[in-house]
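For reference, the structure discussed in these notes is given below.
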Amino acid sequence: MQEITLKVNGKRHVLKIDPETPLLFVLNDELGLCGPRFGCGMAQCGACTVIMRGQVVRSCVMPVSAVGQDEVTTLEGLGTLEQPHPIQQAFIEEGAAQCGFCLSGVILTAKATLDANPDASDQEIRDALGGVLCRCFVHSRMLRAIRKYAETRRA
Amino acid sequence: MTQSRRQFLKSSGALIISFSAAPWNALSAQDQGQFGTHPSHIDPGKLDSWLAVGSDGVATAYTGKCDFGQGIFTAQSQLVAEELCVPLARVKLIQCDTSITPDQGTTSGSQSTPTNFNSQSLALAAATAREALLNLAAKKLVEPAEQLTVANGVITGKTGRAVKYEELIGNRHFNLSLSPTAKRRSVAAWTVLGKPVPSLDRPALMTGQFEFVHNIRVPGMLHGRVVRPPEMGATLAHVDDQSVRNVRGLVKVVVRKDFVGVVAETQYAAAVAACQLAVQWNPGPELPPQQNFFDYLQKQPSRDVLGVDSGDVDAQLSSVGSVIRAKYTYPYQMHGSVGTSCAVADVKADSATVWSATQSAYPTRSIIAKLLNMPLDKIRVIFVRGSGCYGLNGADAVSFDAAILSQAVGKPVRLQFSRQDEMMWENLGAACVVEHRARLTKDGIAAWDREDWVASRGSRPGYNQPGNVITGMLLGYDPEPIEPRSAKAPAGKLRNGSNIVPSYFAGCVGGSCQGDGTIRSERALTHSVRSPFFTGPLRSPLRIQNTFANECFMDELCKLAKADPVAFRLQHLKNSRVIGVLKAAASASNWQARPSPRTDTSRAQTVTGRGIACVAYEGDNGYAALVAEVEVDLQTGTVRPKRFVAALDCGPISNPDGLRNQTEGGILQGMSRALVEEVIWDKKRITSVDWETYSSLYLDYEMPAVETVFVTPTDVPATGAGETAITLVPAVIGNAIFDATGVRLRDLPFTPARVKAALVEVEHRA
């Protein structure tokens, strides 16, 4: 057991925890966050995605002790029900979900990609989503929502 | 309705308590529940079982059909709003909770819409309630019910006096039976139903607020993991508890017959313990080799059923004309939910609550009662949505597992499978072989014989077959047996629930021809064979396998007849709804009439082609036709679908946006299954255990355009729709590859290696 300080979605948390615990379990079980989800535990699907230092991270394979000082942003860290982030708004408007289990991977990966390169082409966005899996196959609507967000971002 | 599930459940709690339709133990006197369900304490014949109006004017509806992401939550909310004439925001829908919703069996088989949106169940309840409220208002306003108007939960008389629903019934029972004569509002008058209402879960989903079953947390809750056998048929020899003695937070190693699991204070400790636990297993028998599995399948004893048999096919197939035969194979495939299955069980000494993503709340309750040896009425199963399941994924098994673990420790336990637990032991979509023989004359198809062999083991556990899934097997229950027997002559009327009978058959059974086509010399025979692996319904179960074979073989007959695939199909169809969608898809895709394969292809590296197929889903539960345009790289064998055009007829549409979403998703999912998905195994075990060993198309795949057109005849009932388009995808891609290359592929998936090999073989033959 170790005392670990985590900064998540703008809040600081001090936890006593096994330092080897995957960050995902901490986010779900200790902090009660629902956005990042366990899909495979092997960084193969993206359901557990969070953003750290502008980069997407698979929280299912990152020990909580490796987070350090970096702030962790989860899907619920972007916007709220009342005030969704523009990329969330674009997904709402395009109806870009069915079961929705994969959304952390899709939305956060797209956001990080466009943050790093606001002019990313469709091909570049798709390439970035290469490790993200949606088994309801809402691919087309998701790409449409991402494109819409990219346009509002540039405007 | 932008509230999260937590708020939603909290706010509906008061109504749950005050409106539990019947006392907890009072089993209804009905002999048999509807749709093969068992009678429960909630009488589906009573209005109060389906609907309640609170003093705040909110209408709470109770349904036994639940949402996994297919949109039925929103559509049912629209239905209630429409029939009851209240705004959508004033409808609260409670789904699948064995203490408060009627038993509607399993949410599956594209049955939710036909069941709840026509003239029974939820739709009838809402219509009954509206009529009852009008009658109450008539008394109150002293005006005849016929001259009252109703809108937004307010009933207004000719005199202008008005009364609100809550003033008439608020917080009180209707005490009425469903009225079989209650009239549904006419489709033409719909203001909420039939509209593209955005799915109500979207804001919560997109902002990470939506609570899945994975997010259920109960005070004092522990975490479990299961430790499955390393191979099929292995039995437990020994568990060494000492091997996990050093795992901090471990609570218990649970062993029951061949079932092994661990319970710990945290997910991480449970995962570590499950990995570290030393277990010895007695090996199981060797598995049939994958390489020639389909030959193996055809040699096994089988349970045979004839869908249709005119008795003259053998004679017909030996007389004059061109006879062709072909054999199609379809591999085992996975549900492969993105999230592994999860459940939370709180088993106390004398009662149990299980939060489950099962499609079958009531049947799951029965199985849990059996496994826990507890009275049925002491168990409550509450549906909470999981990751999209597309059929029987691990949701039932994990619910049973969680209950076993919770009972063993006497505390609430949350259990989520590892990826390997999920994939290695799921009830796979069945592998299948189909053989066709047909004779062609100058007038068309004179005779058609088709026969299939389906690998089957287990399936849904239903109300009393725990052995149909892995947990039951480990606890000593057998799967439902497949007793070999030969087929009896078909009797009664044509049943085509698994689409074994092609649309072109006259389908004559018992003197009545209910098929969709004109071929009178016909036979459709199915052999169920014991599968080495568990199998169960996977989106469009057996319908997709059979339709792949049937619609590709029809294309082979078109080729033999040198006929256009649309025209030749139309020549053999008589069902106006199948004809309707076929013509609509051809027209919307700008289909050019000509035989396949195309003859104008250059010797370019990439060739393109188009394919078409159609189906009456389950015989009569939705009609679809689909056109695919594909590119084939002749060097690599890579197939790239470029465009799909679907035409659907599912009667009146509840939510066109939801239907489009389902259709697009279904087609692209079907594409993934047609191009890359196949379960792999070795001598001992399934080796497709993660996303590197089981392929799926990821989000970087350049998806084709999907266009959907609706064909909506008037005065027909609503049918299922979410599984119709996917049913056609492997067939249309196969037909389009043939059109492009002249090469017929009869084995799924159409991997580059397989396509390339077929191209090379044909070249050599030429």
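Quick mapping for you: the protein sequence lines, in order, are chains A and B. When we follow the numbering used here, the leftmost residue of the first sequence carries the number 295, and every step to the right adds one. When we follow the numbering used here, the leftmost residue of the second sequence carries the number 10, and every step to the right adds one. Don't be surprised by glycine CBs; every beta carbon is placed ideally from N, CA and C.
- Query: Just how far apart, CA to CA, sit A444 of chain A and F385 of chain A?
  - Reply: In the first sequence, the residue the question calls residue 444 of chain A occupies position 150. In the first sequence, the residue the question calls residue 385 of chain A occupies position 91. Looking at the two C-alpha atoms, the distance is approximately 12 Å.
- Query: So V685 of chain B and P758 of chain B are in contact, right, with Cβ under 8 Å, and what is the actual spacing, rounded?
  - Reply: In the second sequence, counting from the first residue as 1, residue 685 of chain B sits at position 676. In the second sequence, counting from the first residue as 1, residue 758 of chain B sits at position 749. Between V685 of chain B and P758 of chain B, the beta carbon gap of about 5 Å places them in contact (Cβ cut-off 8 Å).
- Based on Cα-Cα distance, which residue from B:A287, B:T216, B:R257, B:Q251 lies nearest to L245 of chain B? If you number the second sequence from 1, residue 245 of chain B lands on position 236. Taking only the C-alpha atoms, the option nearest L245 of chain B is B:A287.
- Query: Distance, Cα to Cα, P661 of chain B vs Q85 of chain B?
  - Reply: Residue mapping note: residue 661 of chain B aligns to position 652 of the second sequence, counting from 1. Residue mapping note: residue 85 of chain B aligns to position 76 of the second sequence, counting from 1. If you take the alpha carbons of P661 of chain B and Q85 of chain B, they lie about 14 Å apart.
- For K266 of chain B, does the count of other Cβ atoms within 10 angstroms reach 16, so buried, or fall short, so exposed? In the second sequence, residue 266 of chain B corresponds to position 257, counting from 1. Looking at its Cβ environment, which holds fewer than 16 other Cβ atoms inside 10 Å, K266 of chain B is exposed.
- Query: In this structure, does DSSP put E784 of chain B in helix, strand or coil?
  - Reply: Nothing can be reported for residue 784 of chain B, as the shown portion of chain B is limited to 10 through 775.
- Task: For the region 308-327 of chain B and the region 508-519 of chain B, state whether three or more C-beta atom pairs, one from each stretch, are separated by less than 8 Å.
- Result: Because the criterion of three Cβ pairs below 8 Å is met, the region 308-327 of chain B and the region 508-519 of chain B touch.
- Message: Runs of 4 residues minimum, wholly inside the region 235-259 of chain B: which ones carry the alpha helix (DSSP H) assignment?
- Response: Taking only runs of at least 4 residues, no alpha helix (DSSP H) segment lies wholly in the region 235-259 of chain B.
- Task: Quick one: residues in its chain with C-beta nearer than 6 Å to the C-beta of Q429 of chain B, no 5 flanking neighbours on either side, listed in chain order?
- Result: The residue given as residue 429 of chain B occupies position 420 in the second sequence. So the qualifying residues of the chain are V698.
- Message: With a threshold of 8 Å between beta carbons, is E444 of chain B in contact with chain A?
- Response: Within the second sequence, numbered from 1, the residue matching residue 444 of chain B stands at position 435. Not one chain A Cβ lies under 8 Å of E444 of chain B.
- Query: Do M432 of chain B and M343 of chain B have their C-beta atoms closer together than 8 Å?
  - Reply: Stepping through the second sequence from its first residue, residue 432 of chain B is reached at position 423. Stepping through the second sequence from its first residue, residue 343 of chain B is reached at position 334. It is a contact, given that the beta carbons lie within the stated cut-off.
- Does the ligand ADP have even one heavy atom less than 7 Å from the beta-carbon of T760 of chain B? With respect to the ligand ADP, the structure shown offers nothing to examine, as it has no ligands at all.
- Message: In whole angstroms, give me the CA-to-CA distance for T137 of chain B and L56 of chain B.
- Response: Stepping through the second sequence from its first residue, residue 137 of chain B is reached at position 128. Stepping through the second sequence from its first residue, residue 56 of chain B is reached at position 47. T137 of chain B and L56 of chain B have their C-alpha atoms spaced approximately 7 Å apart.
- Return helix, strand or coil for V344 of chain A, following the three-state DSSP convention. Here residue 344 of chain A is taken as the residue at index 50 of the first sequence, counted from 1. Looking at V344 of chain A - three-state DSSP - the assignment turns out to be strand.
- Taking the DSSP output, what are the residues bridged to C75 of chain B? Locating residue 75 of chain B in the second sequence gives position 66, where the first residue counts as 1. Answer by DSSP bridge pairing: none, since C75 of chain B is not bridged.
- Message: Is the separation between the beta-carbon of D658 of chain B and that of S495 of chain B shorter than 8 Å?
- Response: Taking the second sequence and counting its residues from 1, the one referred to as residue 658 of chain B is at position 649. Taking the second sequence and counting its residues from 1, the one referred to as residue 495 of chain B is at position 486. No.
- Quick one: give me the first and last residue of the alpha helix (DSSP H) that D210 of chain B is part of. Here residue 210 of chain B corresponds to residue number 201 of the second sequence, with the count starting at 1. Here D210 of chain B belongs to no alpha helix (DSSP H), and DSSP marks it neither H nor E.
- Task: Using a Cβ cut-off of 8 Å (strictly closer), state whether G362 of chain A contacts chain B.
- Result: Taking the first sequence and counting its residues from 1, one reaches residue 362 of chain A at position 68. No, G362 of chain A lies away from the interface with chain B (no Cβ there is under 8 Å from its Cβ).
- Query: Mapping DSSP to helix, strand and coil, what is S688 of chain B?
  - Reply: Mapped onto the second sequence, residue 688 of chain B falls at position 679. Inspection of the sequence shows that residue 688 of chain B is occupied by Val rather than by Ser. Looking at V688 of chain B - three-state DSSP - the assignment turns out to be coil, as it is neither helix nor strand.
- Query: Beta-carbon of N630 of chain B versus every beta-carbon of chain A: anything under 8 Å?
  - Reply: Start at 1 with the first residue of the second sequence, and residue 630 of chain B comes out as number 621. No, its Cβ sits nowhere closer than 8 Å to a Cβ of chain A.
- Message: Using the Cβ count rule (16 or more neighbours within 10 Å means buried), how would you classify S328 of chain B?
- Response: For this step, residue 328 of chain B is matched to residue 319 along the second sequence. Residue environment: S328 of chain B is assigned as exposed (fewer than 16 neighbouring CB atoms within 10 Å of its CB, all protein chains considered).
- Do three or more CB pairs link the region 176-190 of chain B to the region 133-147 of chain B at distances below 8 Å? At 8 Å Cβ cutoff, the stretches touch.
- Query: Going by other Cβ atoms of all chains shown within 10 Å of its Cβ, with 16 needed for buried, is H773 of chain B buried or exposed?
  - Reply: Residue numbering aside, residue 773 of chain B sits at position 764 when the second sequence is read from its first letter. Exposed, by the Cβ-count rule.
- Item | First through last residue of the beta strand (DSSP E) which encompasses Q325 of chain B | In the second sequence, residue 325 of chain B corresponds to position 316, counting from 1. Where Q325 of chain B is concerned, there is no enclosing beta strand (DSSP E), although the alpha helix (DSSP H) it sits in stretches over 322-326.
- Below-8 Å beta-carbon distance, A655 of chain B vs any chain A residue: Indexing the second sequence from 1 puts residue 655 of chain B at position 646. Among the CB atoms of chain A, none fall inside 8 Å of the CB of A655 of chain B.
- Query: Does the Cβ-Cβ distance between R389 of chain B and T362 of chain B come in under 8 Å?
  - Reply: As a position in the second sequence, residue 389 of chain B is number 380, starting the count at 1. As a position in the second sequence, residue 362 of chain B is number 353, starting the count at 1. It is a contact, given that the beta carbons lie within the stated cut-off.
- What first and last residue would you give for the beta strand (DSSP E) that runs through S398 of chain A? In the first sequence, counting from the first residue as 1, residue 398 of chain A sits at position 104. From DSSP, S398 of chain A is part of no beta strand (DSSP E) but of the alpha helix (DSSP H) over 397-410.
- Task: In angstroms with no decimal places, state the Cα-to-Cα distance between Q554 of chain B and D756 of chain B.
- Result: Position 545 of the second sequence holds residue 554 of chain B. Position 747 of the second sequence holds residue 756 of chain B. Cα-Cα distance, rounded: 11 Å.
- Contacts around V478 of chain B, its chain only, beta-carbon distance under 7 Å, and the 5 residues preceding and following it disregarded: In the second sequence, counting from the first residue as 1, residue 478 of chain B sits at position 469. Only residues of its own chain outside the window of five on either side were considered, and among them D405, A406, N436, G467, P470, F543 have a CB closer than 7 Å to the CB of V478 of chain B, listed in chain order.
- Item | Neighbouring residues, chain A, relative to A213 of chain B (Cβ below 8 Å) | Locating residue 213 of chain B in the second sequence gives position 204, where the first residue counts as 1. Think of a sphere of 8 Å around the beta carbon of A213 of chain B: the chain A residues whose beta carbon falls inside it are L375, in chain order.
- Message: If I measure Cβ to Cβ from Q123 of chain B and keep anything under 8 Å in the same chain, skipping five residues before and after, which residues do I get?
- Response: Here the question's residue 123 of chain B lines up with position 114 in the second sequence. A small correction: the amino acid at residue 123 of chain B is Pro; Gln does not occupy that position in the sequence shown. These residues qualify, in order along the chain: N630, P726, A727, T728, G729.
- By how many angstroms is the C-alpha of T556 of chain B removed from the C-alpha of V641 of chain B? Translated into positions along the second sequence, residue 641 of chain B becomes position 632. Translated into positions along the second sequence, residue 556 of chain B becomes position 547. CA-to-CA, the gap between V641 of chain B and T556 of chain B works out to about 22 Å.
- List the endpoints of the continuous beta strand (DSSP E) containing P650 of chain B. Position 641 of the second sequence, counted from the first residue, corresponds to residue 650 of chain B. Bounds of the beta strand (DSSP E) holding P650 of chain B are 648-658.
- Query: Secondary structure at H344 of chain B, three-state DSSP: helix, strand or coil?
  - Reply: Along the second sequence, one-based indexing puts residue 344 of chain B at 335. When DSSP states are grouped into helix, strand and coil, H344 of chain B belongs to the coil group.
- Interface partners of A391 of chain A on chain B, CB under 9 Å: As a working mapping, residue 391 of chain A is identified with position 97 in the first sequence. By Cβ distance, chain B contributes G78, S208, D210, R211, L214, M215, N670.
- Query: Can a CB atom of chain A be found closer than 8 Å to the CB of H223 of chain B?
  - Reply: Counting from 1 along the second sequence, the entry for residue 223 of chain B is found at position 214. With 8 Å as the cut-off, H223 of chain B counts as an interface residue toward chain A.
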